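Here is the structure we will look at, set down as structure tokens.
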DNA sequence: GGCTTTTGTTGTTCCGATGAACTTATCTTC
DNA sequence: GAAGATAAGTTCATCGGAACAACAAAAGCC
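Protein chains in written order, with the numbering used here: chain C, 2 to 402; chain Y, 2 to 402.
Structure follows, in structure tokens:
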């Protein structure tokens with residue numbers, strides 16, 4: 002087995018076929034990332050490759066069924082009409098899975114990012130047994146994978162989003178505080194399922210994957226942002242020039258544990274999560290422990306003073322922690338996800354006030370704050386995109402011999 | 002510090018000559034980064050290129066006078082003796098400059114990182130006039146550049162380290178709090194000097210460049226670390242896999258402005274600098290405002306209670322801020338630079354205590370704390386290395402036509 | 001119906017890495 | 001000290017891959 006060679010990546014020697022790999026990946030990205038179908042000539046113009054070269058590359062992608070030709074449409078312009086190229090539909094799927102505190106799910110997307118199938122189950126997995134929960138996930142995934150196989154869809158791979166610290170890709174899961182799981186060999190347990198044993202999931206942190214999904218729907222504007230995801234815990238991620246910043250092990254973005262509110266002595270001091278986690282907000286708002294996000298929003302709409310005060314406190318804490326993060330990573334756009342998206346209306350002012358005050362670069366580059374657009378369960382989509390990315394970076398592996 | 006064009010870098014089309022560029026840079030790095038001279042055969046073995054290819058590439062590097070052949074040494078082994086290759090000496094120089102709060106200087110290094118010349122002047126530049134100071138810097142740089150030219154050394158370029166926020170590479174300097182400079186067109190002012198007008202310096206933050214020098218002396222272990230530099234201000238930088246993480250504008254690593262010690266309300270709250278900046282430590286130690294680092298160290302050696310207490314407070318604050326940073330960027334090694342290096346003995350315990358307590362990944366990957374090894378004025382070296390890097394990444398530009 | 005314009009394809013050429021054979025320079029062994 | 005053995009570096013034919021230019025195809029324009 003040859004080592005996985007990426008085209009001319011840093012430190013590796015560039016051979017003849019590195020060129021092909023690189024340009025093939027480049028061409029594929031042009032098709033996948035374009036908002037509407039593109040022609041070979043468009044790709045040539047965008048990449049600087051010649052039309053001849055692009056034609057040869059596209060031929061390979063067509064053969065591999067990664068790209069499809071659509072019917073030409075009348076362009077109303079002079080010249081031979083272009084053949085529109087689009088991501089192939091129903092040929093290749095990527096499967097994203099997620100285990101979170103209150104639900105688990107499976108979502109399959111195709112090369113165009115279209116959802117092919119999805120299954121989501123609610124539950125309460127705080128303090129749950131990993132084997133039991135992961136068995137349940139496998140039971141959810143099996144029919145999805147079977148359905149895809151029946152339809153002749155090739156499965157590019159699987160990935161699993163987890164609300165905790167995961168060693169990049171292969172695991173193990175070190176710690177998921179709100180599940181109360183630690184040192185769980187997730188891949189090993191899932192391998193008990195015969196189907197998943199054949200395509201072990203890549204593991205990653207839920208917030209990082211949600212940020213990936215967000216980066217995709219934004220299609221590059223902004224291409225760099227900090228993503229904070231409010232769930233039971235508070236997660237974060239950094240997207241720089243469209244790519245997830247994973248850190249050394251994949252443990253980056255743990256904003257939830259930012260220390261705030263030390264009262265003079267550094268031995269006390271609560272973390273962001275203790276101010277802006279869902280439980281903290283609910284408690285401060287004076288709602289019962291079982292209150293949901295919807296209950297919080299409702300309280301806000303009724304202008305309940307205690308709720309508004311809780312939102313302001315959470316917003317300030319979030320703003321301070323985000324300012325620290327922005328000062329360190331130098332990214333001027335912040336995206337609110339999870340429950341922070343639902344509560345954005347009530348948090349916005351306090352968050353922005355702290356950001357504008359604490360971020361030293363604010364006078365030269367205003368901090369923008371926006372609400373996540375990636376829809377329900379973005380980490381599931383992000384997990385599938387993670388798989389897709391490996392394919393997009395290495396399309397040569399999918400070519401017919 | 003932004004990504005200068007790499008051969009076949011992401012998003013660019015790879016042409017035939019991209020291969021050459023890439024492999025040429027790869028070969029050059031092998032020679033420059035090796036601790037001792039290497040042969041063509043060594044390079045071939047290390048890179049996977051064939052000896053034939055390496056020979057051809059090395060010939061070009063010899064012609065460009067970037068690499069030199071040394072006298073063969075008896076290897077005591079069978080076989081034809083290898084021709085040792087080393088960075089060329091005295092052919093190409095990179096010039097690093099620095100303006101800081103209490104000194105300014107110029108340092109020229111060659112391809113091997115050897116210091117060719119350097120000039121440093123002390124001063125007190127708080128609240129200084131940028132034109133005056135930069136004129137003085139130019140007056141310091143001119144003879145250095147002249148000397149190099151006289152000796153037939155080609156100058157690869159210049160770079161300038163500044164203790165503040167600089168827009169990547171071309172400036173302007175947005176803010177240097179301790180100089181009390183803001184929105185200074187540094188490159189424009191230096192262009193009044195006829196010599197520097199011909200080779201305008203790249204600008205970057207002092208801490209980022211010091212971290213670059215540190216990464217160089219460490220030669221890759223650790224290849225990822227957080228660097229905190231205590232000066233009058235507190236600067237920071239992130240090195241990931243040997244490369245400086247610059248952020249979106251080059252404003253990353255501003256750990257000095259981390260908010261700590263908010264007493265319940267988020268409207269108060271001091272920054273790290275107000276606990277661990279030199280002035281803060283001096284004041285808390287009960288020393289006169291004019292006290293130097295040496296005075297602080299002396300007070301520590303005399304076990305003066307107020308000094309030790311000040312060190313403990315600074316260490317705790319630093320530890321909390323570093324923990325926040327490590328949680329966000331996921332790097333398990335911390336390097337203390339500037340005055341923190343001198344005071345490391347007294348800070349270590351408090352810093353480590355906070356790190357071990359606050360970094361959530363500490364149980365799985367112990368945080369290591371070490372002292373900077375890059376010597377005096379590392380940012381000057383780092384600035385020169387910044388220039389060198391552009392050459393190393395694009396050696397093709399230096400080839401004879 | 002010729003002309004223009006744009007798309008996609010077909011050779012040919014050129015560049016760069018490979019691989020095998022060859023030369024060079026040492027050590028080893030009898 | 002001559003004959004291998006071993007390793008370093010070079011030479012040359014070959015091959016893969018992109019560029020370039022010429023050409024065919026399919027439209028609109030007058």
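Virtual Cβ for every residue (Gly too), placed ideally from N, Cα, C.
The structure displayed is predicted, hence computed values, not measured ones.
- One thing to note: residue 167/Y has its Cβ no nearer than 8 Å to the Cβ of residue 130/Y.
- The beta-carbon separation of residue 154/C and residue 199/C, rounded to 15 Å, does not stay under the 8 Å limit for a contact.
- Taking 8 Å as the threshold, the shortest C-beta distance from residue 175/C to chain Y falls below it.
- Comparing alpha-carbon positions, the option among 235/C, 243/C and 58/C lying closest to residue 216/C turns out to be 243/C.
- For residue 58/C, same chain residues with a beta-carbon under 7 Å away, outside a window of 5 residues either side, are 24, 25 and 28 in chain order.
- According to the DSSP assignment, residue 371/Y belongs to the beta strand (DSSP E) that extends over 369-372.
- With a 10 Å radius around the Cβ and a threshold of 16 neighbouring Cβ atoms, residue 392/C comes out buried.
- For residue 252/Y, the chain C residues whose Cβ falls inside 7 Å of its Cβ are 331 and 362, in order along the chain.
- The residue among 348/Y, 303/Y, 297/Y and 343/Y with its C-alpha nearest the C-alpha of residue 321/Y is 348/Y.
- Of all residues in the segment 322-346 of chain Y, only 324, 325, 326, 328, 329, 330, 331, 332 and 333 place a beta-carbon less than 7 Å from a beta-carbon of chain C.
- Only those residues of the segment 362-382 of chain C whose C-beta falls short of 9 Å from the nearest C-beta of chain Y are listed: 362, 364, 365 and 366.
- Look at residue 101/C here: in three-state DSSP terms it is coil, with no helix or strand label.
- Within the segment 35-66 of chain C, the residues whose Cβ lies closer than 8 Å to any Cβ of chain Y are, in chain order, 48, 49 and 50.
- Under the three-state reduction of DSSP, residue 341/C is assigned to helix.
- According to the DSSP secondary-structure assignment, residue 391/Y is paired through a beta bridge with no residue.
- Annotation: the segment 291-379 of chain Y contains the following complete segments of the alpha helix (DSSP H) (minimum length 4 residues), in chain order: 294-302, 306-330, 340-343 and 345-359.
- Residue contact check for residue 24/C against chain Y: a CB pair falls below 8 Å.
- Below 8 Å, enough C-beta pairs join the segment 317-337 of chain C and the segment 222-234 of chain C to call them touching: three or more.
- Among the residues of chain Y, none has a CB under 8 Å from the CB of residue 274/C; the nearest is roughly 11 Å distant.
- DSSP lists 236/Y and 338/Y as the beta-bridge partner residues of residue 230/Y.
- Residues of the segment 142-160 of chain Y with a C-beta atom less than 8 Å from some C-beta of chain C do not occur.
- Here residue 159/Y is actually not in contact with residue 195/Y; their C-beta atoms are around 14 Å apart, not less than 8 Å.
- The Cβ of residue 231/Y sits no closer than 8 Å to any Cβ of chain C.
- Under the Cβ criterion of 8 Å, residue 245/C is not counted among the residues facing chain Y.
- Within the DSSP secondary-structure output, residue 271/C pairs in a beta bridge with 261/C.
- Pairing residue 145/Y with residue 188/Y gives a Cβ-Cβ distance that is not under 8 Å.
- In the three-state DSSP reduction, residue 252/C falls in the coil class, being neither helix nor strand.
- Selection 19/C, 121/C and 279/C evaluated against residue 236/C yields 279/C as nearest (Cα-Cα).
- Counting the other CB atoms within 10 Å of its CB gives residue 362/C a total of 16 or more, which places it among the buried residues.
- Going by beta carbons, residue 309/Y and residue 337/Y fall outside the 8 Å limit.
- Assigned with DSSP and collapsed to three states, residue 168/C falls in coil, not helix or strand.
- Here residue 40/C really is in contact with residue 83/C; their C-beta atoms are around 3 Å apart, less than 8 Å.
- DSSP lists 109/C as the bridge partner or partners of residue 118/C.
- Taking C-beta separations shorter than 7 Å and ignoring five residues to either side along the sequence, the partners of residue 343/Y in its chain run 294 and 298, following chain order.
- Contact note: residue 14/Y reaches chain C through 24, 27, 48, 49 and 50, using a C-beta cutoff of 7 Å and chain order.
- Annotation: residue 222/C has no Cβ neighbours in chain Y at a cutoff of 8 Å; minimum Cβ distance is about 13 Å.
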